[in-house]
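This report refers to the structure that appears directly beneath it.
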Amino acid sequence: MKVLKEFTIPFVGLKIGKHLFEYKVERAFFEYFEYEDFNDVSLDVSVVLEKKTTLLELHFKISGWVNVYCDLTNEPYNQTIENEFDLVVKFGEEYNDEYDDILIVPHGTYEINIQQYIYELSILAVPAKRVHPGVEDGTLDSEILKKLEELSPKVEENKNKEEDTDPRWDTLKKLLTDK
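Quick note on numbering: this note's numbering labels position 143 of the sequence shown as 634, and the sequence is numbered without any gaps.
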């Protein structure tokens, strides 16, 4: 996969201390990854890189919204998302990314690309079950909701609970109350 240059941070020329990098992520970013679940995207990404003498610490913070389809009604809506992640970049003999929050890069490395981390944080911030806010508060008027209501099983009220029980169990119920 080709590297997007705007998400590459050259850290070699930076002074020791904290440095802020801000990005605006839109739908084209996810099209690059061939991810098509989002109709529209508006995310603000801030990355605080703290350069230390032997390692780098990156703190990612993502906030904004993604336009997705509701799992119940298939109506599009804007889902707000927020996510944070800390990454430690250490220097070693060879590249190693088998740990979730530690990245080991070779000693001669002078830049780091963070596009994959932004992509994964954005995807993981979206809830597994996407429900339109209008479904939850009852304000969404949809044909699918009407059909679901029509086809849902009706709850019958138990008019006489005593009549619904099997008389053979009544004797056993007396044992519970005869203490």
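Yeah, the Cβ is synthetic: ideal placement off N, Cα and C, and Gly gets one too.
For the alpha helix (DSSP H) holding residue i, just list the boundary residues, first then last.
i    : result
L666 : P658 to T668
Y523 : R518 to Y523
G504 : It is not in any alpha helix (DSSP H) - G504 carries neither H nor E in the DSSP assignment.
V626 : P624 to D628
Using DSSP with H/G/I as helix, E/B as strand and the rest coil, what is residue i?
i    : result
F512 : strand
L578 : strand
Quick one: give me the first and last residue of the beta strand (DSSP E) that residue i is part of.
i    : result
L615 : Note, L615: premise wrong, no beta strand (DSSP E); alpha helix (DSSP H) at Q606 to A616.
P597 : I593 to P597
E541 : D531 to K542
S554 : L546 to Y560
Classify residue i: buried if its beta carbon has 16 or more other beta carbons within 10 angstroms, exposed otherwise.
i    : result
S613 : buried
L547 : buried
H598 : exposed
I593 : exposed
A616 : buried
Would you kindly work out how many angstroms separate the C-alpha atoms of residue i and residue j, rounded to a whole number?
i    : j    : result
V539 : Y610 : 17 Å
V550 : H623 : According to the sequence provided, residue 550 is His. The question's Val does not apply to it. Approximately 31 Å, taken between the alpha carbons.
N587 : V596 : 7 Å
E602 : F498 : 10 Å
N651 : K620 : Bear in mind that a pLDDT of 49 at N651, under 50, signals an unreliable position, so the number given afterwards is only what the model happens to contain. Spanning the two alpha carbons is a distance of roughly 39 Å.
T545 : Y590 : 18 Å
| said: With a threshold of 8 Å, are at least 3 pairs of Cβ atoms found where one atom belongs to the segment 529-538 and the other to the segment 552-571? | reply: yes
| message | With a threshold of 8 Å, are at least 3 pairs of Cβ atoms found where one atom belongs to the segment 540-557 and the other to the segment 508-515? | response | yes
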